[in-house]
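Taking it in order: structure first as structure tokens, then the write-up.
Numbering (the working numbering), first residue to last: 367 to 754.
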């Protein structure tokens, strides 16, 4: 029997609250199925199962906050298919029953929930997934076929029922697509999701759609526009700057997320005795003007460059599935931008440059990073500048 545990949903996440269970005891789950909705400080997150089997017990009630790693549910490793052999021993009609059992047994809770939202009967569908499992494509295709089949009758009925309002009836029948977070926001604001036009994928209602409904009435106040109009010119520049900054933040976030997925990460922490190094740096700086003095970061860069040269296995690229070591040592330095964001310029040849030259290059890179004046060299940034 395996355990489904509260996963680490972020580097700074220590706990989470179960907002909604998407499964119940007895449900068959597969690897990758969404089984619960967990609330963190940043957002509601659908959590998937890394086990395959049958849900035996839910250990945490909705609304309970538990630390990362705490057991949330128990999942037996016995798949539903292994239970089937016991059915045929009852009577002669059992073989037909045994053939019918796998179909609903292979409907995962997320697919059952999706089918319920779209008004689809899962018993009438034939799964095309592994072992006959019902997939998202099966449900969506059935929903599309159902909607196209229902449209012609709707077009034939209006001529006979023009005095009434037949167009309103389908709206009450359709099931609203929305995430748990959107439903919570709608409930807190007192908004009926059935009357909210969805702009998300497949007509799903988003959080923005819900909030737009609540903020719609103030739009009927055009009188305030003439007062704001004279100041529109001066505020245009800050708006453009804000949009550029937002675009940079989006690009940085996208690149960091991509590097997290494609680059192997290994975290190591240790304690270093830097008293001798700092004492040497203090003596070195005492004989030089402020503009030429060293900072501890330069010492760490130099030491790291020498260490990387001695361990070439950590310095290189993965090309076509194989590791290609690099002869040059270009170490990236995280630089926080004053307007928000983070970039990682890379001083070149950190292992061979004299310490004072490395310090000068570091100071220059930090200055240009914060001024947004990187050189047009791809190898100066860990990211491709064209993507920023």
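Think of the CB as a built atom: it goes at the ideal place given N, C-alpha and C, for glycine as much as any other residue.
Fair warning: this is a prediction, and the values are worked out from it, not measured in the lab.
Rounded to the nearest whole angstrom, the CA to CA distance from residue 639 to residue 647 is 14 Å.
Spanning the alpha carbons of residue 494 and residue 508 requires a straight line of approximately 12 Å. With contacts defined by Cβ atoms closer than 7 Å, residue 381 and residue 433 form a contacting pair. In its chain, beyond the 5 residues on either side, 709, 732, 735 have a beta carbon closer than 6 Å to the beta carbon of residue 701. Under the three-state reduction of DSSP output, residue 662 falls in the helix class. Taking 7 Å as the cut-off, the Cβ atoms of residue 420 and residue 401 do not count as close. Taking every protein chain shown into account, the CB of residue 682 has fewer than 16 other CB atoms within 10 angstroms, so this residue is exposed. Taking 8 Å as the upper bound for CB-CB distance, residue 559 and residue 550 are not in contact here, some 11 Å apart. Burial state of residue 725 is buried, judged by a 10 Å Cβ sphere holding 16 or more other Cβ atoms. Each residue's CA atom was taken as its position, placing residue 695 and residue 656 some 28 Å apart.
Taken atom to atom, the span from the alpha-carbon of residue 707 to that of residue 615 is near 6 Å. DSSP places residue 580 within a helical segment (H, G or I) once states are collapsed to three. For the set 418, 644, 580, the Cα lying nearest the Cα of residue 393 is the one of 418. The alpha-carbon separation between residue 688 and residue 679 amounts to approximately 12 Å. Residue state for residue 634 is assigned as coil, using DSSP reduced to three classes.
Secondary structure of residue 423 (DSSP, three-state): strand.
In the three-state reduction of the DSSP assignment, residue 415 falls in the coil class, being assigned neither a helical nor a strand state.
Separation of the CB atoms of residue 697 and residue 671 is rounded to 6 Å, and the pair is thereby assigned contact status at 8 Å. Collapsing the DSSP output to three states places residue 678 in a helix. With contacts defined by Cβ atoms closer than 7 Å, residue 716 and residue 667 form a contacting pair. Remark: C-beta atoms of residue 499 and residue 488 do not approach each other more closely than 7 Å. Annotation: residue 413 to residue 510 spans about 27 Å, alpha carbon to alpha carbon. Rounded to whole angstroms, residue 663 and residue 673 show a C-alpha spacing of 15 Å. The residue from 405, 643, 416, 692 with its alpha-carbon nearest to that of residue 399 is 416.
Beta-bridge pairing by DSSP links residue 432 to 382. DSSP places residue 438 inside the beta strand (DSSP E), whose first and last residues are 437-442. Under the three-state reduction of DSSP, residue 570 is assigned to coil, being neither helix nor strand. With a 10 Å radius around the Cβ and a threshold of 16 neighbouring Cβ atoms, residue 391 comes out exposed.
Cβ-Cβ distances below 8 Å link residue 721 to 660, 664, 665, 668 in the same chain, with the five nearest sequence neighbours on each side left out; the list follows chain order. Nearest C-alpha to residue 439 among 384, 405, 486, 477: 384.
Collapsing the DSSP output to three states places residue 734 in a helix. Secondary structure at residue 694: coil, using DSSP grouped into helix, strand and coil.
Residue pairing by DSSP leaves residue 399 without any beta bridge partner.
Burial check for residue 653: the Cβ neighbour count within 10 Å stays below 16, so the residue is exposed.
Distance from the Cα of residue 397 is smallest, within the candidate group 442, 405, 424, 429, for 442.
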